[in-house]
Amino acid sequence: MFEGGEVVPPRGTIGIVPQKNVLFPELTCRQTLELWHAIKATTADHKEDIDQLLRDCDLEKKINTNASTLSGGQKRKLQLAIGLVGGSKVVLVDEVGIFPTTCATADDINL
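Every letter in the sequence shown is one number past the one before it in our numbering, and letter 58, counting from 1, is 541.
Next comes the structure, spelled out in structure tokens:
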């Protein structure tokens, strides 16, 4: 049972960060998070949340950059942001090795 007696977790409760990056190369970082927010979230107001999440994941300077032009580490950070967007309470990270800076960032993000 989940909060409120729900048998199925509420929409957006669980985020997944697969080992392989699953990104749309033609979308910017902001567009990517807006798309996933629309899929996962239960609230419509999200612009400030997405901006903060991009800052928290050290992608502030890449907000309007297409995913195809990001470095490998930046793509992983964007993938982590996808897992977190929409108010995920649990994030499953399938990662063999996480860079220390990513771990520190993940620890600092307020959910």
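Quick reminder that beta carbons are idealized off the backbone N, C-alpha and C, glycines included.
Quick caveat, the model's predicted, so the values are computed rather than measured.
Just how far apart, CA to CA, sit residue i and residue j?
i: Leu510; j: Ala550; result: 6 angstroms
i: Thr552; j: Val490; result: 41 angstroms
i: Ile565; j: Thr496; result: 13 angstroms
i: Lys544; j: Leu506; result: 18 angstroms
i: Pro508; j: Gln535; result: 22 angstroms
i: Gly488; j: Leu542; result: 37 angstroms
i: Thr525; j: Asn504; result: 25 angstroms
Measure the Cβ-Cβ separation of residue i and residue j and say whether it is below 8 angstroms.
i: Val573; j: Val500; result: no
i: Leu513; j: Leu537; result: The amino acid at residue 513 is misidentified as Leu; the sequence shows Arg. Yes, Cβ-Cβ distance for Arg513 and Leu537 is below 8 angstroms.
i: Ile533; j: Leu516; result: yes
i: Cys540; j: Leu563; result: yes
In chain order, what residues of the same chain have a beta carbon less than 6 angstroms from the beta carbon of residue i, not counting five sequence neighbours either side?
i: His520; result: His529, Val568 and Gly569
i: Ile546; result: Cys512, Arg513 and Leu537
i: Ser554; result: none
Once you ignore the five residues that flank residue i on each side, which residues in its own chain have a CB closer than 7 angstroms to its CB?
i: Thr548; result: Thr511 and Cys512
Uninterrupted beta strand (DSSP E) stretches inside the segment 517–565 (no shorter than 3 residues): none
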